[in-house]
Amino acid sequence: MGDEFHVVLNDVWKVYRTGKVEWPALRGVNLVIKRNTFTAVVGPSGSGKTTLLNIIGGLDKPTRGSVVVDGIDITRLNGRKLAEYRNKYVGFVFQLYNLLSYLTVFENVELPLAIKGINFRERRELVLKALDVFGLRDLSSKRPLELSGGEQQRVAIARALVNMPNLILADEPTGNLDSKNAQVVVETFRKLVDEHGKTVVMVTHNVELTKYVDVVIKMKDGNVVEVINQ
Ligand SMILES: Nc1ncnc2c1ncn2[C@@H]1O[C@H](COP(=O)(O)OP(=O)(O)O)[C@@H](O)[C@H]1O
Ligand SMILES: [Mg+2]
C-alpha cells in the first residue's frame, strides 16, 4: 500500500447541475496528501475548496475520477461502506459549531458516542482522552454559554474528533474566531499531527495561519494551481 500517501486524487471532476445549467466545480484535480501532515487549502471563494473537502470525506461523490484513501478508492464504495468510512475514519470540523446549550462540555463531547451506542465505560474513556488532548478537562462540567468563542470551538472540535479519526477535514474552522482563538485552534491541529499521527486538511481564508502547516494547496477555478511544501 502506498504508505507515504494518505489521500490520492486522480483527475477528479465535480459537475453540479441545476436545471439545464452545468457548473464544473472541480475540473480534473490531481493531488496527493502525505500521511501525518498538516495541509492548508486556500483560494478565492467559489474556487472549489469545500467541494474538494466534501469529496475527500465521502460526503459527496465526484462526477469523474478516483479518490484513494489508505489504498481504497472511496468512489467505489456503496452507501453503507461509505457511511462506515465517514463515521470511523474521517473527522469533520465546520465553521459553525452547534453545541447543545443545555448539555455540559463533557456531555456535548460524549454525544456522538452515545448516538453510536458505545457503552458507558468506553465513552467515558474516549471523552476524557479528547478533553485532555484539547485542554478542556477543567471545563468539563461547564455549559457552552459559560465559555469563550474559542473554547466553544475547541469543544466542537473535541466532539468532532472524539473517536480519534485518522483523517481530519476542517472547512474554515476559524472563520468566526478572533486571531488569538484561531491560533489556538490551529495549534491544536498541529498537535494532532505531531503528537497523535493524524493527517489534517484545513480550508482557510487566513493567510496568517498557513505558517503552521506543512503544505499549502492553492485552488483557483476548480483546480489546484500551486502546491507549496514548507
Ligand atoms: N450544491 C451545489 N449546486 C450547484 N453549484 C454548487 C453547489 N455547491 C457548490 N456549487 C458551486 O461550485 C463552485 C465551488 O463551490 P465551493 O466548493 O463551495 O467553493 P469554495 O468553498 O472554494 O468557496 C461555486 O461556483 C459554487 O457556486
Ligand atoms: Mg467553502
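Its first residue numbered 3, the sequence shown is counted upward by one per residue in my numbering.
A virtual CB, placed ideally from N, CA and C, is assigned to each residue, including glycine.
{"Query": "Alpha carbon of I58 to alpha carbon of Q154, nearest angstrom", "Result": "26 Å"}
{"Query": "Burial state of G4, where buried means 16 or more other Cβ atoms lie within 10 Å", "Result": "Confidence at G4 is low in this model, with a pLDDT of 48, below 50, so the placement of that residue is unreliable and no value is reported for it."}
{"Query": "Presumed contact (8 Å Cβ cut-off) between V31 and L55, rounded CB distance", "Result": "Not confirmed; about 12 Å, so no contact."}
{"Query": "Alpha carbon of I120 to alpha carbon of K22, nearest angstrom", "Result": "46 Å"}
{"Query": "Nearest candidate by alpha-carbon position, reference F40, set K83, N225, E197", "Result": "E197"}
{"Query": "G67: CB within 7 Å of a non-hydrogen atom of ligand 1", "Result": "no"}
{"Query": "Counterpart residues of T77 in DSSP-defined beta bridges", "Result": "In the DSSP output, where bridge partners are listed per residue, T77 has none listed."}
{"Query": "C-beta atoms of T65 and W25 nearer than 8 Å", "Result": "no"}
{"Query": "For K222: DSSP bridge partner residues", "Result": "N225"}
{"Query": "Delimiting residues of the alpha helix (DSSP H) encompassing F191", "Result": "181-198"}
{"Query": "Rounded C-alpha distance that separates L128 from V195", "Result": "18 Å"}
{"Query": "8 Å Cβ cutoff met for G224 and N183", "Result": "no"}
{"Query": "When T190, V44, V70, N38 are compared against V226, the one with the closest alpha-carbon", "Result": "V44"}
{"Query": "Near ligand 1: A132 beta-carbon under 7 Å from a heavy atom", "Result": "no"}
{"Query": "Burial state of P46 (16 or more Cβ within 10 Å)", "Result": "exposed"}
{"Query": "7 Å Cβ shell around Y91 - same chain, five flanking residues per side excluded", "Result": "P167, N168, L169"}
{"Query": "Sheet register partners of S68 (DSSP bridge)", "Result": "N12"}
{"Query": "The segment 93-108 touching the segment 78-85, judged by at least three CB pairs closer than 8 Å", "Result": "no"}
{"Query": "Nearest-angstrom beta carbon gap, T106 and K131 [assumed within contact, 8 Å]", "Result": "Their Cβ separation, rounded to whole angstroms, is 17 Å, which puts K131 and T106 out of contact at 8 Å."}
{"Query": "R88 versus F191 - alpha carbon distance", "Result": "19 Å"}
{"Query": "Coil, strand or helix - P175 by DSSP", "Result": "coil"}
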